[in-house]
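Residue numbers (our numbering), protein chains in the order written: chain U, 92 to 239; chain G, 92 to 239. Glycine included, each C-beta is placed from N, C-alpha and C at the ideal position. Quick notes on the structure that follows.
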DNA sequence: ATCTAACAGTTAGGGTTCTAAGTGTTCGTC
DNA sequence: GACGAACACTTAGAACCCTAACTGTTAGAT
């Protein structure tokens, strides 16, 4: 939930608004499959980065190792994820999305690209290029999300 | 959490990335004060719209009346929110942010405008105007967040 | 006036996520 | 080797949010 404004004006307010519209659709799609938003985000990450260890997941999602542990328990119980320890390193566990997990995310991705197309419909190709350039410039040096 | 990509390319991926960076900072700020993201969003809404009833909150946040009830219990217990029933209508409750609640959100807002400035730093004034124009165009006819 | 249905909100119970404290494993130093 | 610190992860317990079922209130129809 993030409908902080009724009539957004600042650029970041607008972005939040737009992103929130897309996210809401994605969350609904995911929730119908019985997963939370956080679980889906981790599953997407696992499909793109197979075999990472839990510490990596904690870093990218900026949460604690404990939260990752609980979260993966839920995903594992449903058969979307698998954890294996490799011989020679008994304390790390490599995490993989199962075929069922990958399939779920594939469906999610196609649904989401459809939504993206719908959202960007008001812009022509030149405008989209400009937008992408500006956003790239911003994203290039985002401040480290360390608190003020 | 929404770090779905390691190297985002699409415009909406970029927006998600940027928004997520800001949101993460905001969430940390809020969590240090002992609130969840959802609770903060509702509190912001209440500061801007004093006296709404719980059904309104459920509509704007697109959740259920039950969730709003639990959420407000947490906010009320901490003294950030107050619920009053008006004579003549015994079944609706008008909800107000207390001074403590308003003060909290005021601090949050100033912190966030600082973050916004930091994030937009790479763009000059002309670029910011272009960006805002493009985003406004998109936001103008966002698809209704009804599921596909 | 009564009866029903819709409404506004709450309670109960389960899953999720968080903080704090606890295992077990590896590395570095002596 | 042996010891201690750092590391990777788990468990326990609390708060949160959600679905389903519930209580109490209002409005409308007969």
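Secondary structure of residue 114 of chain U (DSSP, three-state): helix. For residue 132 of chain U, the enclosing alpha helix (DSSP H) stretches over residues 128-139.
Cα atoms of residue 188 of chain U and residue 112 of chain G: separation of roughly 26 Å, rounded to the nearest angstrom. By the C-beta criterion, the segment 114-127 of chain U is judged to be in contact with the segment 187-203 of chain U, since at least 3 inter-stretch pairs fall below 8 Å. Judged by DSSP in its simplified three-state form, residue 223 of chain U adopts helix.
Residue 175 of chain G and residue 127 of chain G have their C-alpha atoms spaced approximately 23 Å apart. Nearest CB-CB separation between residue 147 of chain U and chain G: not below the 9 Å threshold.
Identification of chain G residues near residue 102 of chain U by a Cβ-Cβ cut-off of 7 Å yields 211, 219, 222, 223, 226, ordered along the chain. For residue 170 of chain G, the closest C-alpha among the options G:148, G:134, G:182, G:181 is that of G:134.
Taking 9 Å as the threshold, the shortest C-beta distance from residue 113 of chain G to chain U falls below it. If you look at residue 188 of chain U, you'll find it in the beta strand (DSSP E) that goes 185-188. DSSP places residue 146 of chain U in the helix class (H, G or I) of the three-state scheme.
DSSP, read as helix, strand or coil, puts residue 177 of chain G in coil. The beta carbon of residue 194 of chain G sits no closer than 9 Å to any beta carbon of chain U.
Going by beta carbons, residue 109 of chain U and residue 233 of chain G fall inside the 9 Å limit.
Straight through space, the alpha carbons of residue 204 of chain G and residue 195 of chain G are spaced by roughly 15 Å.
Membership of residue 168 of chain U in the alpha helix (DSSP H) is indicated by the continuous run 156-168. Rounded to whole angstroms, the separation of the alpha carbons of residue 181 of chain G and residue 229 of chain G is 42 Å.
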